[in-house]
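Beneath this line is the structure, given in structure tokens, with notes to follow.
2 protein chains.
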Amino acid sequence: MSSKKVAFFVTGNVHKFNEARQVLAEYGISTAMLNLETIEIQDDNLENIARMSAADAAKKSNLPVFVEDAGLFIKALNGFPGPYSSYVYRTVGTKGILKLMENERTNEAYFLSVVSFYNPQETSESKLFKGRVEGRITRQMRGEQGFGFDPIFEPLGGNGKTFAEMTTNEKNKFSHRAQALRKFVVGYRRMV
Amino acid sequence: MSSKKVAFFVTGNVHKFNEARQVLAEYGISTAMLNLETIEIQDDNLENIARMSAADAAKKSNLPVFVEDAGLFIKALNGFPGPYSSYVYRTVGTKGILKLMENERTNEAYFLSVVSFYNPQETSESKLFKGRVEGRITRQMRGEQGFGFDPIFEPLGGNGKTFAEMTTNEKNKFSHRAQALRKFVVGYRRMV
Numbered sequence: 800m801s802s803k804k805v806a807f808f809v810t811g812n813v814h815k816f817n818e819a820r821q822v823l824a825e826y827g828i829s830t831a832m833l834n835l836e837t838i839e840i841q842d843d844n845l846e847n848i849a850r851m852s853a854a855d856a857a858k859k860s861n862l863p864v865f866v867e868d869a870g871l872f873i874k875a876l877n878g879f880p881g882p883y884s885s886y887v888y889r890t891v892g893t894k895g896i897l898k899l900m901e902n903e904r905t906n907e908a909y910f911l912s913v914v915s916f917y918n919p920q921e922t923s924e925s926k927l928f929k930g931r932v933e934g935r936i937t938r939q940m941r942g943e944q945g946f947g948f949d950p951i952f953e954p955l956g957g958n959g960k961t962f963a964e965m966t967t968n969e970k971n972k973f974s975h976r977a978q979a980l981r982k983f984v985v986g987y988r989r990m991v
Numbered sequence: 800m801s802s803k804k805v806a807f808f809v810t811g812n813v814h815k816f817n818e819a820r821q822v823l824a825e826y827g828i829s830t831a832m833l834n835l836e837t838i839e840i841q842d843d844n845l846e847n848i849a850r851m852s853a854a855d856a857a858k859k860s861n862l863p864v865f866v867e868d869a870g871l872f873i874k875a876l877n878g879f880p881g882p883y884s885s886y887v888y889r890t891v892g893t894k895g896i897l898k899l900m901e902n903e904r905t906n907e908a909y910f911l912s913v914v915s916f917y918n919p920q921e922t923s924e925s926k927l928f929k930g931r932v933e934g935r936i937t938r939q940m941r942g943e944q945g946f947g948f949d950p951i952f953e954p955l956g957g958n959g960k961t962f963a964e965m966t967t968n969e970k971n972k973f974s975h976r977a978q979a980l981r982k983f984v985v986g987y988r989r990m991v
């Protein structure tokens with residue numbers, strides 16, 4: 800039997816899972832995808848959403864688990880779509896975001912990721928790890944990789960590429976999610 | 800002492816409270832506004848959101864309480880902004896909705912309201928009462944009354960007026976919220 804550590808990632812999103820799997824593998828940790836219905840609250844603050852989801856998933860599964868919540872925050876739209884990025888993607892989509900941005904003067908935006916870890920063996924609160932990447936909203940969709948709003952987000956320092964024009968490996972070099980996951984991994988090795 | 804019944808409405812929205820107060824008064828019931836922080840989950844289905852919020856508020860306050868959740872569902876936008884209407888109003892606003900609707904062929908939309916009642920003395924589930932009003936999204940904002948997306952929603956049978964061009968009394972004649980509240984009142988008189 801291998802003594803390799805396994806981290807349980809509660810998500811239904813296979814793209815997120817693949818990004819996480821690659822990051823955690825760099826640290827010798829295996830990632831297991833746990834597709835479990837969890838409570839996700841409405842809150843303008845991603846941290847509160849992730850904190851509650853992790854606690855809920857840990858109690859339901861009786862496993863030490865982590866969840867990841869992310870959002871695209873667009874300055875000219877007062878932070879929209881923010882914590883509701885997934886719903887907005889499923890309804891008005893990237894097309895809707897591009898339309899809303901048409902006559903806006905600034906295209907500044909950032910992606911924020913919050914990883915929340917909860918161990919049901921401990922009585923403490925969820926532990927949070929954050930990652931953030933600044934960038935801008937493009938005028939048109941570019942690229943076929945990634946998921947969600949990746950085709951319209953060009954991160955700073957990404958050589959003018961959108962996230963959707965990068966391989967998972969490239970995206971993981973500086974994405975919000977990879978940043979949060981790396982902070983989590985450092986904590987994880989001490990926690991379990 | 801008066802034997803008048805009092806219903807506890809958990810909301811932080813004074814516009815909603817005033818609409819409810821007027822409807823319930825028609826049935827001889829007083830409405831008390833209870834501004835209490837409750838859990839609001841993310842769910843595409845308003846019923847699930849209202850059900851959980853009512854149970855949470857009742858447990859926190861130890862009172863029989865009702866909550867009301869509403870959303871504007873726009874056909875051409877796949878139901879957007881739906882359950883997240885309040886967040887979308889606070890970020891992209893009516894201006895954003897009008898922009899998204901610019902080249903859409905159909906302007907059909909509906910407002911849905913779900914009232915959820917929970918009595919902590921009983922062990923049963925929250926009771927739900929729904930109201931729905933069909934209408935269309937206007938090309939421009941009209942009217943100063945009401946709140947939220949009222950200035951861009953013209954209900955069917957409203958003589959071409961938007962909700963924001965109506966007094967509370969007029970709006971209550973056929974609004975989604977008033978319909979749900981009337982159903983609730985009928986049930987309420989039996990429940991408490």
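In order, the protein sequence lines correspond to chains A and B. Mind the numbering: the first sequence is residues 800 to 991 in this note's numbering, read in order. Mind the numbering: the second sequence is residues 800 to 991 in this note's numbering, read in order. By construction, the Cβ of each residue, glycine as well, lies at the ideal position given by its N, Cα and C atoms.
Using 7 Å as the limit for Cβ to Cβ distance, is Y888/A near chain B? Answer no: the Cβ-Cβ gap between Y888/A and chain B never drops below 7 Å.
Go ahead and label M990/A buried or exposed: buried means 16 or more other beta carbons lie within 10 angstroms of its beta carbon, across all protein chains shown. By the neighbour-count rule (16 or more Cβ atoms within 10 Å), M990/A is not buried but exposed.
C-alpha distance - H814/B paired with M832/B, whole-angstrom precision: Those two C-alpha atoms are separated by around 11 Å.
Option nearest L835/B by Cα separation, candidates A869/B, R889/B, T810/B: Selection A869/B, R889/B, T810/B evaluated against L835/B yields T810/B as nearest (Cα-Cα).
Taking the alpha carbon of L845/B as the point to measure from, which residue in F879/B, N918/B, R820/B, T966/B has its own alpha carbon closest? Comparing alpha carbon positions, the residue from F879/B, N918/B, R820/B, T966/B closest to L845/B is F879/B.
At a Cβ threshold of 7 Å, is Y909/A touching chain B? Not an interface residue.
Within this structure, are the beta carbons of N928/B and F983/B separated by less than 7 Å? Reading the sequence as shown, one finds Phe at residue 928/B and not Asn. In this structure, F928/B lies near F983/B, with their beta-carbon atoms less than 7 Å apart.
Taking 7 Å as the CB-CB cut-off, is L833/A touching chain B? For L833/A, the closest Cβ of chain B is not nearer than 7 Å.
Residues of chain A with CB closer than 7 Å to the CB of Q939/B, please, in chain order. Those do not exist, as Q939/B stays about 17 Å from chain A at its closest Cβ, beyond 7 Å.
Rounded straight-line distance, which links the Cα of Q978/B to that of V805/A: Distance between the alpha carbons of V805/A and Q978/B is about 52 Å.
Among L876/A, V932/A, R850/A, T961/A, which has the Cα closest to the Cα of V864/A? The option with the nearest alpha carbon to V864/A is R850/A.
Per DSSP, R935/A is paired with what? Answer is E907/A, E953/A.
Applying a beta-carbon distance threshold of less than 9 Å, which residues of chain A neighbour E839/B? Those within 9 Å of E839/B in chain A are I840, Q841, D842.
Same chain only: Cβ atoms within 7 Å of A908/B, ignoring 5 sequence neighbours per side: The beta carbon of A908/B is closer than 7 Å to those of L871, F872, I873, K874, G934, R935, I936, F952 in its chain, skipping five residues each way along the sequence.
For L862/B and P882/A, what's the separation of their Cα atoms in angstroms? Rounded to whole angstroms, L862/B to P882/A spans 31 Å at the Cα level.
Per-residue DSSP class, three states only, for T830/A: Three-state DSSP puts T830/A in a strand.
Can a CB atom of chain A be found closer than 7 Å to the CB of Y883/B? Chain A contact via Cβ: present.
For the ligand PLP, is there a heavy atom less than 6 Å away from the beta-carbon of L927/A? Of ligands this structure carries none, so the ligand PLP is not represented either.
For the segment 943 to 956 of chain A, enumerate the residues whose C-beta is nearer than 9 Å to any C-beta of chain B, in chain order. Identification of residues in the segment 943 to 956 of chain A having a C-beta nearer than 9 Å to some C-beta of chain B yields an empty set.
Listing by chain order, which chain B residues have their CB less than 7 Å from the CB of G811/A? For a Cβ distance threshold of 7 Å, nothing in chain B lies close to G811/A: the least Cβ distance comes to about 13 Å.
In chain A, which residues lie with their C-beta within 7 Å of the C-beta of K804/B? Correct list: empty, because the minimum Cβ distance to chain A is about 31 Å.
So which residues on chain B does G895/A lean against when the C-beta distance must stay under 8 Å? Neighbours of G895/A on chain B, chain order: L876, F879, L899.
Report the rounded CA-to-CA distance for A857/B versus V866/B, giving the unit in angstroms. When only Cα atoms are considered, A857/B and V866/B end up about 10 Å apart.
C-alpha distance - S923/B paired with N877/B, whole-angstrom precision: One alpha carbon belongs to S923/B, the other to N877/B, and they sit about 34 Å apart.
If we cut at 7 Å on Cβ distances, does V822/B have a partner in chain A? No, no contact with chain A.
For a cutoff of 7 Å on Cβ pairs, would you count V866/A as touching chain B? No, its Cβ sits nowhere closer than 7 Å to a Cβ of chain B.
Status (buried if at least 16 other CB within 10 Å, exposed otherwise) for M800/B: Note that M800/B scores a pLDDT of 41, beneath 50, so its modelled location is shaky; the value from the coordinates is reported in the next line. Classification of M800/B: exposed, given that the 10 Å Cβ count is below 16.
Check the DSSP bridge columns for P880/B and list the partner residues they point to. Partner residues in the beta bridge of P880/B, as assigned by DSSP, are F872/B.
Which same chain residues, not among the five before or five after E969/B, have their C-beta less than 7 Å away from its C-beta? Same-chain partners within the cutoff: there are none.
Under 8 Å between beta-carbons, which chain A residues line up against V891/B? List them in chain order, please. Near V891/B (Cβ distances below 8 Å), the residues of chain A are L876, N877, F879, L899.
Quick check: the Cα distance between V913/B and Y888/A, rounded to an integer number of angstroms? Cα atoms of V913/B and Y888/A: separation of roughly 25 Å, rounded to the nearest angstrom.
If we call anything under 7 Å between Cβ atoms a contact, is S962/A one with G945/A? In the sequence as presented, Ser is not what sits at residue 962/A; that position holds Phe. Taking 7 Å as the cut-off, the beta carbon of F962/A is found closer than this to the beta carbon of G945/A.
Pairwise C-alpha distance: I828/B and V985/B: Approximately 11 Å between the Cα atoms of the pair.
For E760/A, which three-state DSSP category applies? Residue 760/A falls outside the range modelled here, since chain A spans only 800 to 991, and no answer is possible.
Taking only three categories from DSSP, how would you classify K804/A? Strand, per DSSP.
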